[in-house]
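> Counting in our numbering, the sequence shown tops out at residue 136, every number present.
Backbone N, C-alpha and C fix where the C-beta goes; we use that ideal spot for every residue, glycine too.
Every value quoted in this text rests on a predicted model; they were computed, and no experiment measured them.
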Amino acid sequence: MHTGDLAVMDEDGYVSIVGRIKDMLIRGGENIYPREIEEFLHTHPAVSDVQVIGVPDERYGEEVMAWIRLRDGAHTSQSELETFCRGRIATYKIPRYWKFVEEFPMTVTGKVQKFRMRELAIGDLGLHVPVR
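(1) Please name the residue or residues paired with residue 90 in a DSSP beta bridge.
(2) Anyone know if the C-beta pair for residue 57 and residue 93 falls short of 8 Å?
(3) Go ahead and label residue 51 buried or exposed: buried means 16 or more other beta carbons lie within 10 angstroms of its beta carbon, across all protein chains shown.
(4) Can you give me the C-alpha to C-alpha distance between residue 83 and residue 111, rounded to a whole angstrom?
(5) Where does residue 115 fall in DSSP's three states?
(6) Would you call residue 115 buried or exposed, if buried means 16 or more other Cβ atoms sit within 10 Å of its Cβ?
(7) Can you tell me whether residue 120 is helix, strand or coil according to DSSP?
This is the structure in structure tokens:
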């Protein structure tokens, strides 16, 4: 385990590392772990890859956004994915914003740049970053 890792203990006392603290979103006081939503969305047959990020929101602090890469030849829509989520994950975890992409911003070593995705999303959506 590394500094900043998040661990969860189950009822039998087993500990699992579930992600990094810096990857956690806080939406209206609720802690949201993008990896949990990513793993769920991966179960949709049209989804090849997904990255979930937090974007600024004046009311909730952060909102959930999913960047979706579809499987070759697959088709789906924001509406279909929202319907897929309803009743299967908590309502507050259903992404408010969706972006369908061919690829994600990556480092030269092949790591997804979520900070860059957030910057692009803020610009694309015309969001304002709150001053702290």
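Working from what's here:
(1) 93
(2) Note that the C-beta distance between residue 57 and residue 93 is not below 8 Å.
(3) buried
(4) Residue 83 and residue 111 have their C-alpha atoms roughly 31 Å apart.
(5) coil
(6) exposed
(7) Here residue 120 sits in helix by DSSP.
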